[in-house]
Amino acid sequence: MEVSKSSLKCILFIAKFINSFYNSKINLNIFKGVILIILSIKNLDITFRTNAGNIHAIRGVNFDLPRGKTVALVGESGSGKSVTMKAVTGLLDSNCIINSGNIFYNFNGQTVDLLTFSKKDLRQKINGQQIAMVFQDPMTSLNPTMTIGAQIMEGMLLHKKISTSDAEKKAVELLNLVGIIDAEKRIKNYPHQLSGGMRQRVVIAIALSCEAKILICDEPTTALDVTIQAKILNLIKDIQSQMNLSVIYITHDLGVVAKVADFVNVMYAGKIIETGTVDEIFYDPRHPYTWGLLSAMPDLETDDDRLYSIPGSPPNLLHEPTGDAFAARNKFAMKIDEKAAPPMFKISETHYAATWLLHPDAPKIELPPELKARLERSRKAADL
Ligand SMILES: Nc1ncnc2c1ncn2[C@@H]1O[C@H](COP(=O)(O)OP(=O)(O)OP(=O)(O)O)[C@@H](O)[C@H]1O
Ligand SMILES: [Mg+2]
Numbered sequence: 040m041e042v043s044k045s046s047l048k049c050i051l052f053i054a055k056f057i058n059s060f061y062n063s064k065i066n067l068n069i070f071k072g073v074i075l076i077i078l079s080i081k082n083l084d085i086t087f088r089t090n091a092g093n094i095h096a097i098r099g100v101n102f103d104l105p106r107g108k109t110v111a112l113v114g115e116s117g118s119g120k121s122v123t124m125k126a127v128t129g130l131l132d133s134n135c136i137i138n139s140g141n142i143f144y145n146f147n148g149q150t151v152d153l154l155t156f157s158k159k160d161l162r163q164k165i166n167g168q169q170i171a172m173v174f175q176d177p178m179t180s181l182n183p184t185m186t187i188g189a190q191i192m193e194g195m196l197l198h199k200k201i202s203t204s205d206a207e208k209k210a211v212e213l214l215n216l217v218g219i220i221d222a223e224k225r226i227k228n229y230p231h232q233l234s235g236g237m238r239q240r241v242v243i244a245i246a247l248s249c250e251a252k253i254l255i256c257d258e259p260t261t262a263l264d265v266t267i268q269a270k271i272l273n274l275i276k277d278i279q280s281q282m283n284l285s286v287i288y289i290t291h292d293l294g295v296v297a298k299v300a301d302f303v304n305v306m307y308a309g310k311i312i313e314t315g316t317v318d319e320i321f322y323d324p325r326h327p328y329t330w331g332l333l334s335a336m337p338d339l340e341t342d343d344d345r346l347y348s349i350p351g352s353p354p355n356l357l358h359e360p361t362g363d364a365f366a367a368r369n370k371f372a373m374k375i376d377e378k379a380a381p382p383m384f385k386i387s388e389t390h391y392a393a394t395w396l397l398h399p400d401a402p403k404i405e406l407p408p409e410l411k412a413r414l415e416r417s418r419k420a421a422d423l
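Shown next, in the form of structure tokens:
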């Protein structure tokens, strides 16, 4: 379909008009273009007080979750993925200090800053009902002394005006939705009577029971074997499209990210160091840390079974690095990396990376040849 210049201008004008109207109503730049942003984390900065000193765990994190999309947070252990999400749901440990930040949430058409909510308000108004979490180990979320039916019904009975028999019907429907066979019988089971995969399905059913708008999945399939993992990933994707859920998916596994994400945020030492669409991160990565993560993915297409791992380990945030936190592990590091942390350099409207290699004066660095060959192979496979 051909769109003339004048009609394109007209579409852009209408989009801008809707945007400014909506912004003026809710007094927040929560629309980006014409995509509705349901959650927006701005400049989140968190320290933990410990006997050894202060750990600056989250150092200015920014990201948006567009409605109905999946944003992945990926990075090595300790990079700050879980702490960032715990800040959203008020589950941070009591030794934390929130130095700065806003977590804007589109709450029934009104923009609220979740960081201004008390723990009690988060528990009563947000957690479960608006934003639900699914953790790695379903046993930590399930109560071993209650039947799974009672656990699915609990939130509905507490927060919704619903009779016990209707809540029970809804619990059976939810168990069917998450693929549990014989749901009528299964609701009477206790968690220990179910397999690990079934338990994780129950946790997802509980998360959906109060019709939450955002699902935060923190390594939900890490404890499961590969075939069950694939089924749970497909389940989350199906439910997401049926219910227009917005999903934040935390993982250290880029293979999983490729399957579930629309957008990817790569975290390192408490910062997002590269952000982009899934295609931008997988086919055109710009940060040497992202190159390392991609190179460390098992390659099923070649006979080479040597697993690459990024040399060294992340910095200890008890002693905050002065320059780029990745410099010590980066074979392309320059003098400036030791002195100053790089800003986010823009590559496209959706793609940014924090590496001095993107500075106009930096030497031109080619992708490592093995990674380049690998990305070309996967690009060709995707084009097929
Ligand atoms: N209560 C706490 N006290 C002190 N430090 C903490 C506390 N909670 C988290 N941290 C520190 O914050 C940093 C980020 O932790 P976080 O749990 O977010 O990592 P992660 O990216 O989720 O890692 P993983 O992949 O292992 O789950 C780590 O250095 C961790 O040790
Ligand atoms: Mg974690």
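The sequence shown stops at residue 423 when you use this note's numbering, and every number in between is there.
Positions of the beta carbon are idealized from the N, C-alpha and C atoms, including for glycine.
Keep in mind that this is a model prediction, so the values were computed, not measured.
Give a yes or no on whether 8 Å exceeds the smallest Cβ distance from residue i to chain C.
{"i": "P407", "result": "Among the chains of the structure shown, chain C does not appear; only one protein chain is present."}
Short check: CB of residue i to CB of residue j, under 8 Å?
{"i": "G140", "j": "K81", "result": "yes"}
{"i": "H358", "j": "S116", "result": "no"}
{"i": "D103", "j": "I137", "result": "no"}
{"i": "V113", "j": "L293", "result": "yes"}
{"i": "H198", "j": "Q168", "result": "yes"}
{"i": "Q190", "j": "N182", "result": "yes"}
{"i": "M383", "j": "I255", "result": "no"}
{"i": "N304", "j": "A111", "result": "yes"}
{"i": "R88", "j": "N134", "result": "yes"}
{"i": "S285", "j": "I311", "result": "no"}
{"i": "I187", "j": "I226", "result": "yes"}
{"i": "I222", "j": "L214", "result": "Position check: residue 222 holds Ala in this sequence, whereas Ile was assumed. Cβ atoms of A222 and L214: closer than 8 Å."}
{"i": "V265", "j": "A297", "result": "no"}
{"i": "G107", "j": "N283", "result": "yes"}
{"i": "L247", "j": "Y144", "result": "no"}
{"i": "S180", "j": "V242", "result": "yes"}
{"i": "L196", "j": "A206", "result": "yes"}
{"i": "M373", "j": "A401", "result": "yes"}
{"i": "I275", "j": "V299", "result": "yes"}
{"i": "I165", "j": "F156", "result": "yes"}
{"i": "A366", "j": "G351", "result": "no"}
Provide the residue(s) that pair with residue i in DSSP beta bridges, ordered along the chain.
{"i": "S139", "result": "D84"}
{"i": "P105", "result": "I76"}
{"i": "T290", "result": "V113"}
{"i": "M306", "result": "I311"}
{"i": "F384", "result": "A392"}
{"i": "T150", "result": "N145"}
{"i": "R98", "result": "D84"}
{"i": "D257", "result": "I289"}
{"i": "M172", "result": "I255"}
{"i": "H184", "result": "Looking at the sequence shown, residue 184 is not His but Thr. In DSSP, T184 forms no bridge with anything."}
Drop a sphere of 10 angstroms on the beta-carbon of residue i, count the other beta-carbons inside from all chains shown, and report buried for 16 or more, exposed for fewer.
{"i": "R418", "result": "exposed"}
{"i": "H231", "result": "exposed"}
{"i": "G309", "result": "buried"}
{"i": "G194", "result": "buried"}
{"i": "I220", "result": "exposed"}
{"i": "R416", "result": "exposed"}
{"i": "K224", "result": "exposed"}
{"i": "A421", "result": "exposed"}
{"i": "T394", "result": "buried"}
{"i": "E313", "result": "buried"}
{"i": "D257", "result": "buried"}
{"i": "P259", "result": "buried"}
Less than 8 Å between the CB atoms is what I'm expecting for residue i and residue j, so what's the real figure, rounded?
{"i": "I375", "j": "M124", "result": "The pair is not a contact, with the Cβ atoms about 32 Å apart (cut-off 8 Å)."}
{"i": "H95", "j": "L356", "result": "5 Å"}
{"i": "T184", "j": "D301", "result": "Contact flag wrong, Cβ pair sits at about 39 Å."}
Looking only at its chain, what residues have a beta carbon closer than 8 Å to the beta carbon of residue i, apart from the 5 residues adjacent to it on each side?
{"i": "L346", "result": "A335 and P337"}
{"i": "S118", "result": "M306, Y307, A308, G309 and P353"}
{"i": "L161", "result": "T128, G129 and L153"}
{"i": "P270", "result": "Residue 270 is actually Lys in this sequence, not Pro. Hits under 8 Å: G218 and G236."}
{"i": "N101", "result": "I80, K81, N82, L83 and I311"}
{"i": "M178", "result": "P230 and R238"}
{"i": "E405", "result": "K411"}
{"i": "P407", "result": "W330 and S334"}
{"i": "I142", "result": "L78, S79, I80, K81, L83, A126, V127, D152, L153 and L154"}
Which residues in the same chain as residue i place their Cβ atom closer than 6 Å to its Cβ, once the five residues preceding and following it in sequence are excluded?
{"i": "H390", "result": "G315 and E319"}
{"i": "D363", "result": "D376, A380 and P381"}
{"i": "C249", "result": "G167, Q168, G194 and H198"}
{"i": "P327", "result": "N369 and F371"}
{"i": "T261", "result": "Q175"}
{"i": "P360", "result": "P354"}
{"i": "Y267", "result": "First, the amino acid is wrong: residue 267 is Ile here, not Tyr. Cβ within range, chain order: G236."}
By Cβ distance, which residues of its chain are closer than 7 Å to residue i, with the 5 residues on each side in sequence left out?
{"i": "V42", "result": "For V42, the predicted structure reports a pLDDT of 41, less than 50, and the residue's modelled location is therefore unreliable. A value from the coordinates is still provided. Counting only Cβ-Cβ distances below 7 Å, and skipping sequence neighbours, we find nothing."}
{"i": "D21", "result": "No information on residue 21 is available, as it lies outside the stretch 40 to 423 that the chain covers here."}
{"i": "I74", "result": "P105"}
{"i": "K120", "result": "L112, G114, I289 and M306"}
{"i": "R325", "result": "E313, I386, A392, T394 and L397"}
{"i": "K158", "result": "G129"}
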